[in-house]
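In what follows, a structure is listed as structure tokens, so that the remarks can point back to it.
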Amino acid sequence: MARLSFDLQHTDISSNARAGVITTDHGSIQTPIFMPVGTVGSVKGVTQQQLVNDVQAQIILGNSYQLYLRPGTDVLEKAGGLHRFNHWDKPILTDSGGYQVFSLAGTRKIKEEGVTFQSHIDGSKHLFTPERVMDIQRSIGGDIIMAFDECPPGGSEYGYAHKSLELTHRWLDRCFEQFLSTPDKYGYTQNLFPIVQGATYKDLRKQSCDYIASKEAPGNAIGGLSVGEPEPVMYEICDWCCQHLPKEKPRYLMGVGTPWNILECIGMGIDMFDCVMPTRNGRNAMLFTTQGVINIDNKKWEYDFSPVDEGLPGEVSHYYSKAYLRHLFKAGELLALTIASVHNLSFYLWLVGEARKHIIAGDYASWKTEMIVRLKTRL
RNA sequence: UUGGCUCUAGCUUAACCGGUAAAGCGCUACACUGUGGAUGUAGAGAACAGGGUUCGAGUCCCGGGGUCAAC
Numbered sequence: 005m006a007r008l009s010f011d012l013q014h015t016d017i018s019s020n021a022r023a024g025v026i027t028t029d030h031g032s033i034q035t036p037i038f039m040p041v042g043t044v045g046s047v048k049g050v051t052q053q054q055l056v057n058d059v060q061a062q063i064i065l066g067n068s069y070q071l072y073l074r075p076g077t078d079v080l081e082k083a084g085g086l087h088r089f090n091h092w093d094k095p096i097l098t099d100s101g102g103y104q105v106f107s108l109a110g111t112r113k114i115k116e117e118g119v120t121f122q123s124h125i126d127g128s129k130h131l132f133t134p135e136r137v138m139d140i141q142r143s144i145g146g147d148i149i150m151a152f153d154e155c156p157p158g159g160s161e162y163g164y165a166h167k168s169l170e171l172t173h174r175w176l177d178r179c180f181e182q183f184l185s186t187p188d189k190y191g192y193t194q195n196l197f198p199i200v201q202g203a204t205y206k207d208l209r210k211q212s213c214d215y216i217a218s219k220e221a222p223g224n225a226i227g228g229l230s231v232g233e234p235e236p237v238m239y240e241i242c243d244w245c246c247q248h249l250p251k252e253k254p255r256y257l258m259g260v261g262t263p264w265n266i267l268e269c270i271g272m273g274i275d276m277f278d279c280v281m282p283t284r285n286g287r288n289a290m291l292f293t294t295q296g297v298i299n300i301d302n303k304k305w306e307y308d309f310s311p312v313d314e315g316l317p318g319e320v321s322h323y324y325s326k327a328y329l330r331h332l333f334k335a336g337e338l339l340a341l342t343i344a345s346v347h348n349l350s351f352y353l354w355l356v357g358e359a360r361k362h363i364i365a366g367d368y369a370s371w372k373t374e375m376i377v378r379l380k381t382r383l
């Protein structure tokens, strides 16, 4: 039972992209990697078997805010942790709830101590402090757990971003103090990743990168991007952060993004991604394919009996036709949501796998440029 | 057969006294980035065939359909 390690195997000669292997007590992860989001302990609409066999997911997310509210840490502890509760034997990463408090909760009050907020489920009042969030994530039992941060909205003013960043850093100290003084609960090692903030301001981001790096955590995350700022700004800040974060540790860009976002950011040196887009947009009939973006709800697919995506190796994308999947969406069938989610996740995992191959082959930059044009095509 | 009620967009319903037709759902598109089967935005689409009164009719009259009740 050991701390998470990162074996950096290849650095692309044509870009800053890297290929590596992350090792945890629940197995290893080939990077760059995309991590499906499993908010309440399930990836919406997708079974664990489908995640393993069709999607070929190597690690999934869980959400502290959601799991704390329901079913509650008591149930998770009695179950023996989330891995046993949802029967997922591979690595799990849990988000701290910092983002959810900002995006989901109704009224919230941010103070030095922590955040008081109202549950989006029943309106009940709760207090999240860095210590409390560490305890919750200890109970959930993720292999990777995240620091409790404040995620200021895109376009935040410098003054606010600065104050927010300082608070996030003070909270980070408390997270580490609590994390290091509490034991692993289920016999395997948990790893705490700190999160860079600083909105769209380079000096704040650099300051944050330096502070985060000083924690010497086994991995580092970049938060507060794709929260409303223009895409070029997101790229610029991501690139900047990559330049200032340790090379020998995995870099995790939180909550991003579109397939082309992922390829661009891999080129900057990001190793890990998570995003709700493949599943959420999938449930809303948006398919990401090897040929471009499809809105399967569109009338033009009514009589198209070709497979959802012939270019993808996985079975799901060949098994069903576009016309059939459109029909299922129109009919409001549950199966539509599942097929779209499994397909999109398969595509995302295939995409990062291809990226890895081209990093190792040393032609990532040219492959990426060509690929992005194709993936952005609206079919 | 007689009497009452009723007829407006694909569906369900609005519109002061007669002044030039709105909405929800559905449909056609678009948006969605540490979750949202949600939501938002844009668009297409209508008066019971017909006739009359009137400067002007969804609105009044004749005629037609539906429905309920009595015979």
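Per the numbering used here, the first sequence starts with residue 5, numbered consecutively.
Note that CB positions come from ideal geometry on N, CA and C, so glycine has one too.
Reference residue i; option with closest CA among the options
| i | options | result |
| --- | --- | --- |
| Y239 | R88, T15, W264 | W264 |
| I96 | R330, K82, Q52, F106 | Q52 |
| W92 | Q54, A151, G101 | Q54 |
| H248 | V200, G31, Q122, Y103 | V200 |
| P40 | G286, R174, V231 | G286 |
| V346 | E358, T283, M375, H322 | T283 |
| T262 | L355, L329, S185 | L355 |
| Q295 | F38, I26, K380 | K380 |
| V170 | E81, R378, C246, K115 | As written in the sequence, residue 170 is Glu, which differs from the Val given in the question. If we check each option's Cα against that of E170, K115 comes out closest. |
| Y72 | K189, G31, G145, S19 | G145 |
Status (buried if at least 16 other CB within 10 Å, exposed otherwise) for residue i
| i | result |
| --- | --- |
| G78 | According to the sequence shown, residue 78 is Asp rather than Gly. Exposed. |
| I226 | buried |
| P419 | Since the first and last residues shown for the chain are 5 and 383, residue 419 lies out of range. |
| M281 | buried |
| K304 | exposed |
| V119 | buried |
| G271 | buried |
| N288 | exposed |
| P236 | exposed |
| V377 | exposed |
Anticipated Cβ contact below 8 Å, residue i with residue j, distance rounded
| i | j | result |
| --- | --- | --- |
| T98 | S68 | 5 Å |
| Q62 | I33 | 5 Å |
| T133 | E154 | With a Cβ gap of about 13 Å, T133 and E154 do not count as contacting. |
| V47 | I64 | 6 Å |
| R22 | G273 | 6 Å |
Residue i, enclosing beta strand (DSSP E) - first and last residue
| i | result |
| --- | --- |
| N299 | 296-299 |
| V119 | 119-122 |
| K113 | 112-114 |
Segment limits, alpha helix (DSSP H) that includes residue i
| i | result |
| --- | --- |
| S345 | 338-365 |
| Y323 | 320-323 |
| L316 | Looking at the DSSP string, L316 is not in any alpha helix (DSSP H), and its letter there is neither H nor E. |
| L267 | 263-270 |
Helix, strand or coil at residue i according to DSSP, with G and I counted as helix
| i | result |
| --- | --- |
| P282 | helix |
| I241 | helix |
| Q13 | strand |
| A369 | helix |
| H30 | coil |
| D126 | coil |
| K167 | helix |
| L332 | helix |
| K219 | coil |
| D147 | coil |
| V4 | Residue 4 is absent from the structure shown; the chain starts at 5 and stops at 383. |
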